[in-house]
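Since the structure comes first, as structure tokens, the remarks are kept for the end.
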Amino acid sequence: MYLNATLLAQISVFIILALFTMKFVWPPIVKALDERAAKISEGLAEAERGRQSMALAAKHAAETMREGKEKATEVIVQAERRAERIIEQAKADARIEAEKVVAAAKAEIEQEEARMRESLRERVADLAVAGAEKILRREVDAKAHADLLAAIKLDL
3 MYLNATLLAQ
13 ISVFIILALF
23 TMKFVWPPIV
33 KALDERAAKI
43 SEGLAEAERG
53 RQSMALAAKH
63 AAETMREGKE
73 KATEVIVQAE
83 RRAERIIEQA
93 KADARIEAEK
103 VVAAAKAEIE
113 QEEARMRESL
123 RERVADLAVA
133 GAEKILRREV
143 DAKAHADLLA
153 AIKLDL
């Protein structure tokens with residue numbers, strides 16, 4: 003047996019196979035592994051950028067929310083002030099209108115009072131004329147005059 007020749011043949015085939023593998027098989031595998039490592043590295047870097055971007059967006063959103071709340075508070079305060087001014091204006095207008103109504107009512111009462119006085123004067127004048135007429139038609143008698151005056155008082 004040619005153990006040495008077989009061993010030499012196997013060693014030479016192994017060396018040729020190793021060289022072939024190192025020349026043709028190993029570079030695509032290493033290239034694929036390098037590409038995969040680069041993709042993973044890019045993915046991790048992109049994830050980190052995304053995290054940073056998300057943190058920045060969260061800060062921006064919080065700032066926007068704070069500004070929105072401030073603006074809303076300012077709008078509410080302005081609305082409350084405007085409501086108070088409107089209420090005060092309405093109260094002032096109501097006072098003025100009430101004063102006008104009271105003045106008109108007083109004027110109407112005074113006019114009605116004047117009409118009533120005039121009417122009463124006319125009535126008293128009519129009664130006086132009627133009383134004088136009755137007195138003149140009857141004979142002059144003190145008792146008749148007293149009765150007539152009592153009757154006139156009842157008519158009033």
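Using our numbering, the letters of the sequence shown map in sequence onto residues 3 to 158. Using N, Cα and C, we set each Cβ at its ideal position, and we do this for glycine too. Only a predicted model underlies this, so the values are computations on that prediction, with no experimental measurement involved.
- When the Cα atoms are used, what is the spatial distance from Val96 to Ala85? Taking the first residue of the sequence shown as position 1, residue 96 is located at position 94. Taking the first residue of the sequence shown as position 1, residue 85 is located at position 83. According to the sequence displayed, residue 96 carries Ala and not Val. Each residue's Cα considered, the two are about 16 angstroms apart.
- Could you check the C-alpha separation between Ala74 and Met56 for me, to the nearest Å? Reading the sequence shown from its first residue, position 72 is the one you call residue 74. Reading the sequence shown from its first residue, position 54 is the one you call residue 56. Spanning the two alpha carbons is a distance of roughly 26 angstroms.
- Task: Give a yes or no on whether the C-beta atoms belonging to Ile154 and Leu122 are separated by under 7 angstroms.
- Result: Within the sequence shown, numbered from 1, the residue matching residue 154 stands at position 152. Within the sequence shown, numbered from 1, the residue matching residue 122 stands at position 120. No, the pair does not count as a contact, with Cβ atoms beyond the cut-off.
- Message: Could you check if Ile154 belongs to the surroundings of the ligand NAP, using beta carbon to heavy atom distance under 6 angstroms?
- Response: Judged by which ligands are present, the structure shown has none, so any question about the ligand NAP falls away.
- Message: Measuring only the C-alpha atoms, how far is Ala116 from Ala109?
- Response: One-based indexing of the sequence shown puts residue 116 at position 114. One-based indexing of the sequence shown puts residue 109 at position 107. Between the alpha carbons of Ala116 and Ala109 lies a distance of about 10 angstroms.
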